[in-house]
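S.K.: Before anything else, here's the structure in question.
Number of protein chains: 2
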Amino acid sequence: MEEVKVIEIKKSVFAENEKDADDLRTELKKRGVYLLNLMSSPGSGKTTTLIRTINLLKDKLRIAVMEADIDSNVDAVKIREATGIPSIQLHTGGMCHLDAEMTRQGLSNLDLEDVDLVILENVGNLVCPAEFDTGSCRNAMILSVPEGDDKPLKYPLMFSVCDVVVVNKTDVMPYFDFDLDKCREYVRMRNPKARVIPICAKTGEGVEVFADWLFREVRNWKNQ
Amino acid sequence: MEEVKVIEIKKSVFAENEKDADDLRTELKKRGVYLLNLMSSPGSGKTTTLIRTINLLKDKLRIAVMEADIDSNVDAVKIREATGIPSIQLHTGGMCHLDAEMTRQGLSNLDLEDVDLVILENVGNLVCPAEFDTGSCRNAMILSVPEGDDKPLKYPLMFSVCDVVVVNKTDVMPYFDFDLDKCREYVRMRNPKARVIPICAKTGEGVEVFADWLFREVRNWKNQ
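The listed protein sequences derive, respectively, from chains A and B. Using the working numbering, the first residue of the first sequence is number 8, and each one after it goes up by one. Using the working numbering, the first residue of the second sequence is number 8, and each one after it goes up by one.
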């Protein structure tokens, strides 16, 4: 298997990130490419969730992944080895988030002619990534059970910009004080329209619900 | 019990944060106050660890806590209720970290004449807080078992600026793929001098090791 591509992302020169993000969305729409921005804390299980999701969808959609990290390329390698799909690593040069221009730099390293869905795994961080529109069609986030059900109270913006909150590591629920109903209530406080999807990426339980949502999203985006 | 104080922190106007941080350290030294900057991902157990640590030390040291968060005051309330020590909440106005000037604004709301040790619980984030010297005497961080042993590979700066890495939630080690030896090795790659202290804040196991380290630190700082 050839080596995973590592791209050193430069800090954006665009002051007007929001306009740039809208432009990027328009371009992606024209090309029929759906971009999902996936965010979370460090260690919430983004990569494992992606592997499960991709393996459920890869026969129906042409998928590529961009893994953003401060350093290392372990995630891009893991994704490629476990799913066989194109996966590149974006190094953010210490930056704590991606904006639309940085996302564009990543996309320019993918062959978008052959892709229906690009998943951007953002830097593990509940603060900064929420502040920057990447140009994605939707934002989703993963909250893992060990982090606690009170995270929507402490990181309000992250939960208000996400259309889907995947609650991961439900298998360890018995060992933590995590109340799923309370979590749903807190998420609703931040974003009444957000959907909460409990999963266990380790066993695969519930991942098909997230995969179905994503499949319908991509289909609608291409057909609208 | 009176209401917990909530301070809306303003963004720093000092370009030279490093100089400002050094100045703050010098001032604290003169006043005999030790400042610990405690960092981690969201949900790693900072507050629970602090409560255990404070209860072990509060008869020997006069302690105050500053809880930094984007929003909510749940942590400051928890600390005060569980330990009885002075605890204030710093709201960062969406900022993802604290710098020296922001820390100074917090400290100005504490009565430092009556304090030996101030613990700053930084915003839950493994990226940005590592980039800003708060003026603390030492940086410590908590890595919780569910986050995974590979975090030093992905968040190098955080691990290189911390003198102590507390590995929390060791009680759930059997349910996660977390290799403590591997973790120690990765931490050492980033900072050969960093000390790794495994604890379980929930049961209290190992917390006395962290408390002893902190007690000696404060004593040395005051006596040097």
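Even glycine gets a Cβ: it sits at the ideal position worked out from N, Cα and C.
When DSSP labels each residue in this structure, what does B/M102 get in the three-state scheme?
M.R.: Position 95 of the second sequence, counting from 1, holds the residue named residue 102 of chain B. If DSSP states are grouped into helix, strand and coil, B/M102 belongs with coil.
S.K.: Just how far apart, CA to CA, sit A/T90 and A/G211?
M.R.: Residue 90 of chain A sits at position 83 when you count from the first residue of the first sequence. Residue 211 of chain A sits at position 204 when you count from the first residue of the first sequence. Cα-Cα distance, rounded: 15 Å.
S.K.: List the residues of chain B whose Cβ lies closer than 9 Å to the Cβ of A/Y193, in chain order.
M.R.: Stepping through the first sequence from its first residue, residue 193 of chain A is reached at position 186. In chain order: nothing, as chain B lies at least about 10 Å away.
S.K.: Per DSSP, which residues does B/N146 bridge with? Please list them.
M.R.: Locating residue 146 of chain B in the second sequence gives position 139, counting from the first residue. DSSP output for B/N146 lists B/N44 as bridge partner(s).
S.K.: With a CB to CB cut of under 7 Å and the five nearest residues on each side skipped, what residues in its chain are close to A/K176?
M.R.: As a working mapping, residue 176 of chain A is identified with position 169 in the first sequence. Within the same chain, A/K176 has close Cβ partners G52, S151, V152, P153, C207.
S.K.: Can you tell me the Cα-Cα spacing of B/K209 and A/G39, whole angstroms?
M.R.: As a position in the second sequence, residue 209 of chain B is number 202, starting the count at 1. As a position in the first sequence, residue 39 of chain A is number 32, starting the count at 1. Roughly 50 Å between the two C-alpha positions.
S.K.: Could you tell me if A/D188 is buried or exposed, where buried requires 16 or more neighbouring beta carbons within 10 angstroms of its beta carbon?
M.R.: To locate residue 188 of chain A, count along the first sequence from 1; it is residue 181. The residue is exposed, with fewer than 16 neighbouring Cβ atoms inside 10 Å.
S.K.: Counting only Cβ pairs nearer than 9 Å, list the residues of chain B close to A/V179.
M.R.: For the purposes of this step, residue 179 of chain A is identified with residue 172 of the first sequence, where counting begins at 1. Per Cβ cutoff of 9 Å: P153, V179, Y182, F183.
S.K.: Is A/N198 near the ligand ADP, going by C-beta to nearest heavy atom under 7 Å?
M.R.: The model on display carries no ligand, and the ligand ADP is accordingly not part of it.
S.K.: Taking buried to mean at least 16 other C-beta atoms within 10 Å of its own C-beta, is A/R197 buried or exposed?
M.R.: For the purposes of this step, residue 197 of chain A is identified with residue 190 of the first sequence, where counting begins at 1. Counting Cβ neighbours within 10 Å, A/R197 comes out buried, since at least 16 surround it.
S.K.: Strictly below 8 Å CB to CB, what residues from chain B border A/S167?
M.R.: For the purposes of this step, residue 167 of chain A is taken as residue 160 along the first sequence, with counting starting at 1. Chain B residues near A/S167: none, gap ~11 Å exceeds 8 Å.
S.K.: Along chain B, in chain order, which residues have C-beta atoms closer than 8 Å to that of A/Y41?
M.R.: Indexing the first sequence from 1 puts residue 41 of chain A at position 34. The contacting residues do not exist; A/Y41 stays about 27 Å from chain B at best.
S.K.: Got a sec: which bits of the region 73-87 of chain B sit with their beta carbon under 7 Å from any beta carbon on chain A, in order along the chain?
M.R.: Against chain A - using a Cβ distance shorter than 7 Å - the residues of the region 73-87 of chain B are D76, I77, D78, S79, V81.
S.K.: So, at 7 Å on beta carbons, what are the nonlocal neighbours of B/F139 in its own chain, with the 5 sequence-adjacent residues on each side left out?
M.R.: Translated into positions along the second sequence, residue 139 of chain B becomes position 132. Excluding residues within five positions, the ones whose Cβ falls inside 7 Å are N24, H104, L105, D106.
S.K.: For A/C190, would you say it is in contact with chain B, using Cβ-to-Cβ distances shorter than 8 Å as the test?
M.R.: Reading the first sequence from its first residue, position 183 is the one you call residue 190 of chain A. Not one chain B Cβ lies under 8 Å of A/C190.
S.K.: Let me know the beta strand (DSSP E) ranges lying completely inside the region 112-165 of chain B, each 3 residues or longer, listed in chain order.
M.R.: 124-128, 145-151, all fully within the region 112-165 of chain B.
S.K.: May I ask you to report which of helix, strand or coil DSSP gives B/L31?
M.R.: Here residue 31 of chain B corresponds to residue number 24 of the second sequence, with the count starting at 1. Reduced to three states, the DSSP call for B/L31 is helix.
S.K.: A/S143 to A/V125, Cα distance in whole Å?
M.R.: Numbered from 1 along the first sequence, position 136 holds the residue referred to as residue 143 of chain A. Numbered from 1 along the first sequence, position 118 holds the residue referred to as residue 125 of chain A. Answer to the nearest angstrom: the Cα atoms are 9 Å apart.
S.K.: With a CB to CB cut of under 6 Å and the five nearest residues on each side skipped, what residues in its chain are close to B/D156?
M.R.: Numbered from its first residue, the second sequence carries residue 156 of chain B at position 149. Contacts found: F185, D186, K189, C190.
S.K.: Let's test the definition: count the other Cβ atoms within 10 Å of the Cβ of B/N227 and tell me whether it reaches 16, buried, or not, exposed.
M.R.: As a working note, residue 227 of chain B is residue 220 in the second sequence. Exposed: under 16 other Cβ atoms inside 10 Å.
S.K.: Counting only runs that start and end within the region 46-96 of chain B, where is the alpha helix (DSSP H) found for 4 or more residues in a row?
M.R.: Complete alpha helix (DSSP H) runs here, min 4: 53-64, 81-90.
S.K.: Let me confirm a value: A/K161 is counted as buried when at least 16 other C-beta atoms fall within 10 Å, else exposed. Which label applies?
M.R.: Taking the first sequence and counting its residues from 1, the one referred to as residue 161 of chain A is at position 154. Buried, since its Cβ has 16 or more Cβ neighbours within 10 Å.
S.K.: So with Cβ pairs under 8 Å, would you call A/S94 a contact of chain B?
M.R.: Your numbering for residue 94 of chain A matches position 87 in the first sequence. No, its Cβ sits nowhere closer than 8 Å to a Cβ of chain B.
S.K.: In this structure, how does DSSP classify A/N24 when only helix, strand and coil are distinguished?
M.R.: Taking the first residue of the first sequence as position 1, residue 24 of chain A is located at position 17. It is helical.
S.K.: Taking C-beta pairs closer than 7 Å, name the residues in chain B that A/S48 reaches, listed in chain order.
M.R.: Position 41 of the first sequence, counted from the start, is the residue given in the question as residue 48 of chain A. Result: S48, P49, G50.
S.K.: In chain B, what lies closer than 8 Å to A/L133 by C-beta?
M.R.: As a working note, residue 133 of chain A is residue 126 in the first sequence. Per Cβ cutoff of 8 Å: P49, G131, N132.
S.K.: Classify A/C169 as helix, strand or coil using the three-state DSSP reduction.
M.R.: By 1-based counting over the first sequence, the position of residue 169 of chain A is 162. Coil.
S.K.: Checking 8 Å against the spacing of the C-beta atoms, do A/L45 and B/P49 come in under that value?
M.R.: Residue 45 of chain A sits at position 38 when you count from the first residue of the first sequence. Residue 49 of chain B sits at position 42 when you count from the first residue of the second sequence. Cβ atoms of A/L45 and B/P49: not closer than 8 Å.
S.K.: Is it buried or exposed for A/T110, if we count other Cβ within 10 angstroms and need 16 for buried?
M.R.: Here residue 110 of chain A corresponds to residue number 103 of the first sequence, with the count starting at 1. Label assigned to A/T110: buried.
S.K.: Under three-state DSSP, which class holds A/P199?
M.R.: For the purposes of this step, residue 199 of chain A is taken as residue 192 along the first sequence, with counting starting at 1. The answer is coil: DSSP assigns A/P199 none of H, G, I, E or B.
S.K.: May I ask you to report which of helix, strand or coil DSSP gives B/E246?
M.R.: Since the first residue of chain B shown is 8 and the last is 231, residue 246 of chain B is not available in this structure.
S.K.: Might you give, ordered along the chain, the residues of its own chain that have their beta carbon closer than 6 Å to the beta carbon of A/G213, omitting 5 neighbours on each side?
M.R.: Reading the first sequence from its first residue, position 206 is the one you call residue 213 of chain A. P205, I206.
S.K.: Do you know whose CA, among B/V173, B/Q112, B/R32, lies nearest B/E4's CA?
M.R.: Residue coverage of chain B in this structure runs from 8 to 231, which leaves residue 4 of chain B outside it and unanswerable.
S.K.: Can you tell me whether A/Q252 is buried or exposed? The criterion is at least 16 other CB atoms within 10 Å of its CB, across all chains shown.
M.R.: For chain A, the structure presents residues 8 to 231; residue 252 of chain A sits outside this window and is missing.
S.K.: Does any residue of chain B bring its CB to less than 8 Å from the CB of A/V45?
M.R.: Here residue 45 of chain A corresponds to residue number 38 of the first sequence, with the count starting at 1. Just to set this straight, residue 45 of chain A is Leu in the shown sequence, not Val. Closer than 8 Å: no.
S.K.: Should B/E128 be labelled buried (16 or more other beta-carbon atoms within 10 Å of its own) or exposed?
M.R.: Taking the second sequence and counting its residues from 1, one reaches residue 128 of chain B at position 121. Buried: at least 16 other Cβ atoms inside 10 Å.
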